[in-house]
Every structure is written in C-alpha cells, then in structure tokens.
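At position 72 of the sequence shown the residue is numbered 74 (this note's numbering), and the sequence of numbers has no breaks.
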Amino acid sequence: MEKNKFTNLINSLSAIAEKDLWMPRYDKELDYFFWTRESVSKRAKLIQVSHEASLYVSPKGKIEGVLVEYLQSNFVEHNPTYKDFVKSFTKRIDDSVYTIKDTDNENKYLFAFGEALRADIYQDAKEIGKGKLDLDDLAKYAFAKS
3 MEKNKFTNLI NSLSAIAEKD LWMPRYDKEL DYFFWTRESV SKRAKLIQVS
53 HEASLYVSPK GKIEGVLVEY LQSNFVEHNP TYKDFVKSFT KRIDDSVYTI
103 KDTDNENKYL FAFGEALRAD IYQDAKEIGK GKLDLDDLAK YAFAKS
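Next comes the structure, spelled out in structure tokens:
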C-alpha cells in the first residue's frame, strides 16, 4: 500500500466509519472495542498500528474496521476523556458483547472517539520510532510484516 494513501485513510478514519456504517461493539469480558463494517471481508488482515489499536485492512487497502484492545484498562488510561465511553454500550447483542443505541449524540461521541484514536496512532508511531519514525513508516513496516 502506498504510504500517503495509508496516512490519508488514517486521517479519514471517522469519515470512513460513518460512510461505511461501521457498527460499534464492546466486549465487556475481553475489554475489546470493535468498530467495523457489519461483516469484515474474509481476506481482511488485522494490522497493529499502535500499542492498543489494530486495523482490519482489505487486500485492496481499504480500512474495514478498528480493534482497540483493553479499551477500559489501557486506552482510556492514556485518553481520560473517554473514561465513561464504555457506559454508552447498553444494548446487548451477545453474551458479553454490547453496542450503542443509535442516537445522534452517541454518533457524535463515536466520531470524536475516532479522532482520538487517530491521534493515538500518530503518537504511538512517534514513540515507537523515538522521533525517527512517522506514521507512513509504521504503515510500511506493518504491511511488510503481514
């Protein structure tokens, strides 16, 4: 995948989620947050792009979703603005999996969360490379590994 294309996709994460109608889900047992298309393509790869976040990426380079590991116990620790985010997940869809009721207020909150996630990805790229690695380098490395 072209480096600039990946950066553009990261910068458009919330817009892509809104356009492709990504569904937010939170597994309370695993403390994992999934924000993906209704059905992620079978050939999509999960590529880690920060300490807590991974992206589902199709073979054509389209981002189909995000996985945040340890949302409450780790991500929120670095992003305290979202300490109450898991309280939004009130609609049960499986044993330990919940989603957000579809309201305009919650959608705005999700969009803002996507922006925080984007910033987190950039921050981790800087930390991993100790100032010598930018997001495009991280993307190149991640795709080479997969």
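We put the CB at the ideal spot given by N, CA and C, even for glycine.
With 16 other CB atoms within 10 Å as the buried threshold, where does residue 39 fall?
For the purposes of this step, residue 39 is identified with residue 37 of the sequence shown, where counting begins at 1. Burial call: buried.
Within this structure, are the beta carbons of residue 42 and residue 55 separated by less than 8 Å?
Here residue 42 refers to the residue found at position 40 of the sequence shown. Here residue 55 refers to the residue found at position 53 of the sequence shown. It is not a contact, given that the beta carbons lie outside the stated cut-off.
Where does the unbroken alpha helix (DSSP H) through residue 14 begin, and where does it stop?
Locating residue 14 in the sequence shown gives position 12, counting from the first residue. Residue 14 -> no alpha helix (DSSP H), and no H or E assigned at all.
Have a look at residue 50 and residue 58 and give me their C-alpha separation to the nearest angstrom.
As a working mapping, residue 50 is identified with position 48 in the sequence shown. As a working mapping, residue 58 is identified with position 56 in the sequence shown. For residue 50 and residue 58, the distance between alpha carbons rounds to 9 Å.
Rounded to the nearest angstrom, how far is the Cβ of residue 87 from that of residue 78, given a contact under 8 Å?
Stepping through the sequence shown from its first residue, residue 87 is reached at position 85. Stepping through the sequence shown from its first residue, residue 78 is reached at position 76. The Cβ separation is near 7 Å, so the contact holds.
With DSSP as the reference, please indicate the residues paired to residue 55 in a beta bridge.
Along the sequence shown, one-based indexing puts residue 55 at 53. Paired residues: 70.
Report the rounded CA-to-CA distance for residue 64 versus residue 37, giving the unit in angstroms.
In the sequence shown, residue 64 corresponds to position 62, counting from 1. In the sequence shown, residue 37 corresponds to position 35, counting from 1. Cα-Cα distance, rounded: 14 Å.
By Cβ distance, which residues of its chain are closer than 7 Å to residue 120, with the 5 residues on each side in sequence left out?
Here residue 120 is taken as the residue at index 118 of the sequence shown, counted from 1. Only 12, 13 and 15 meet the Cβ criterion.
Between 109, 27 and 60, which has its C-alpha nearest residue 96's C-alpha?
Counting from 1 along the sequence shown, the entry for residue 96 is found at position 94. Closest option to residue 96, Cα to Cα, is 27.
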